[in-house]
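What follows is a short report on a single structure.
In UniProt numbering, the protein residues as written are 1 to 300.
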């Protein structure tokens with residue numbers, strides 16, 4: 001039994017969907033499934049019930065989940081204590097689903113970067129920075145939220161969103177001809193819903209209301225097949241391999257961009273946090289040549 005397997009267990013338990021958990025953990029779906037099965041063998045219990053309707057925690061899984069979270073918190077605390085004993089300043093960072101692959105090495109000259117194990121939506125990560133449980137976060141955020149939570153930000157990266165459709169036609173599609181999924185679950189999809197609804201209003205694209213988390217993962221694929229029209233893909237699905245019957249299509253007139261901010265408290269006083277921001281933000285600023293929401297911090 002390894003700590004990473006316990007992190008995998010928690011991710012699947014929170015998502016109740018192997019595809020979404022794999023995207024969140026930045027690993028392949030089959031690898032995640034194999035690791036969960038290995039953990040179940042080591043523990044001697046079945047953690048999840050799997051069937052065509054979805055994934056659910058077993059009674060054993062539900063009982064073990066809070067203890068697993070506590071154990072992971074203890075492991076994080078041990079890491080922080082070891083850093084203090086070694087005289088290394090630590091900076092704690094949270095993210096949503098994207099981060100630079102070399103993030104730790106970028107930050108190394110400034111501080112020991114502790115990447116938080118709880119991967120939660122953008123608005124939740126920003127709130128954690130504001131309340132002090134994180135020093136930094138990589139998230140999507142609007143100017144009004146930066147002001148409301150008294151946060152500062154820098155542009156760390158961006159995704160150029162595309163459409164996914166059935167068939168072999170990979171030609172660009174006009175934004176007005178794209179379907180835009182919006183989920184009823186505001187707790188999980190608050191940031192995406194705000195972005196998607198504004199994009200649809202600005203471009204004339206059609207909003208499609210869903211209630212199954214199908215903004216990404218297997219449920220998203222099901223929606224694309226059912227709707228038979230190009231569907232806007234979220235930043236959580238940018239690097240996911242598509243089934244052979246689906247294709248990616250660039251979106252034009254306009255091309256939607258999703259920005260990733262590095263955020264920290266405006267009242268921050270720790271030198272290590274500021275030095276980490278500068279170390280992580282190395283390189284020239286990106287030029288944004290597509291559609292951004294009206295309240296995006298980097299809109300010209």
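We treat Cβ as the ideally placed atom computed from N, Cα and C, and that holds for glycine.
What does the Cβ neighbour count give for residue i, buried or exposed, with the cut at 16 atoms within 10 Å?
i: residue 125; result: buried
i: residue 242; result: exposed
i: residue 7; result: buried
i: residue 249; result: buried
i: residue 181; result: buried
i: residue 129; result: buried
i: residue 216; result: buried
i: residue 297; result: buried
i: residue 145; result: buried
i: residue 375; result: No information on residue 375 is available, as it lies outside the stretch 1 to 300 that the chain covers here.
i: residue 67; result: exposed
i: residue 168; result: exposed
i: residue 35; result: buried
i: residue 183; result: buried
i: residue 99; result: buried
From the options, pick the residue whose C-alpha is nearest to that of residue i; which is it?
i: residue 75; options: 39, 4 and 142; result: 4
i: residue 280; options: 222, 160, 206 and 101; result: 101
i: residue 21; options: 184, 55 and 1; result: 55
i: residue 185; options: 198, 194 and 177; result: 194
i: residue 255; options: 187, 268, 172 and 294; result: 172
i: residue 136; options: 156, 142, 144 and 63; result: 156
i: residue 61; options: 142, 109 and 10; result: 10
i: residue 175; options: 197, 151 and 204; result: 204
i: residue 301; options: 277, 46 and 114; result: The question about residue 301 has no answer, for the chain in this structure spans 1 to 300.
i: residue 107; options: 69, 278 and 265; result: 278
i: residue 94; options: 134, 109, 59 and 63; result: 134
i: residue 2; options: 42, 240, 233 and 275; result: 42
i: residue 179; options: 161, 191 and 190; result: 161
i: residue 257; options: 270, 265, 275 and 289; result: 289
i: residue 295; options: 220, 198 and 206; result: 198
i: residue 274; options: 109, 147, 218 and 159; result: 109
For residue i and residue j, what's the separation of their Cα atoms in angstroms?
i: residue 165; j: residue 229; result: 6 Å
i: residue 263; j: residue 44; result: 42 Å
i: residue 236; j: residue 71; result: 28 Å
i: residue 321; j: residue 105; result: Only positions 1 to 300 of the chain appear in this structure, which leaves residue 321 out of reach.
i: residue 118; j: residue 201; result: 33 Å
i: residue 214; j: residue 208; result: 11 Å
i: residue 131; j: residue 267; result: 11 Å
i: residue 143; j: residue 17; result: 32 Å
i: residue 57; j: residue 282; result: 43 Å
i: residue 31; j: residue 24; result: 13 Å
i: residue 111; j: residue 103; result: 12 Å
i: residue 116; j: residue 73; result: 10 Å
Taking residue i as part of the alpha helix (DSSP H), name the residues at either end of that continuous run.
i: residue 146; result: 143 to 149
i: residue 49; result: Taken as a continuous stretch (DSSP letters only), residue 49 belongs to no alpha helix (DSSP H), being part of the beta strand (DSSP E) at 48 to 51.
i: residue 54; result: First-last for residue 54: 54 to 57, but that is the beta strand (DSSP E), not the alpha helix (DSSP H).
i: residue 129; result: 122 to 131
i: residue 240; result: From DSSP, residue 240 is part of no alpha helix (DSSP H); its letter is neither H nor E.
Just to check my reading of the structure: residue i and residue j have Cβ atoms closer than 8 Å, yes? What is that Cβ distance to the nearest angstrom?
i: residue 211; j: residue 89; result: Contact doesn't hold; Cβ gap of about 45 Å is too wide.
i: residue 91; j: residue 139; result: That pair is no contact at about 16 Å.
i: residue 149; j: residue 122; result: Not a contact, Cβ separation roughly 12 Å.
i: residue 246; j: residue 269; result: Not confirmed; about 49 Å, so no contact.
Where does the unbroken beta strand (DSSP E) through residue i begin, and where does it stop?
i: residue 261; result: 257 to 265
i: residue 114; result: 112 to 115
i: residue 28; result: Segment: none, residue 28 is in no beta strand (DSSP E) and carries neither H nor E.
i: residue 95; result: 90 to 95
i: residue 165; result: 162 to 166
i: residue 249; result: 246 to 252
i: residue 175; result: Taken as a continuous stretch (DSSP letters only), residue 175 belongs to no beta strand (DSSP E), as it is neither H nor E.
Less than 8 Å between CB atoms is the rule here; does residue i satisfy it with respect to chain C?
i: residue 255; result: Chain labels in this structure do not include chain C; a single protein chain is all it has.
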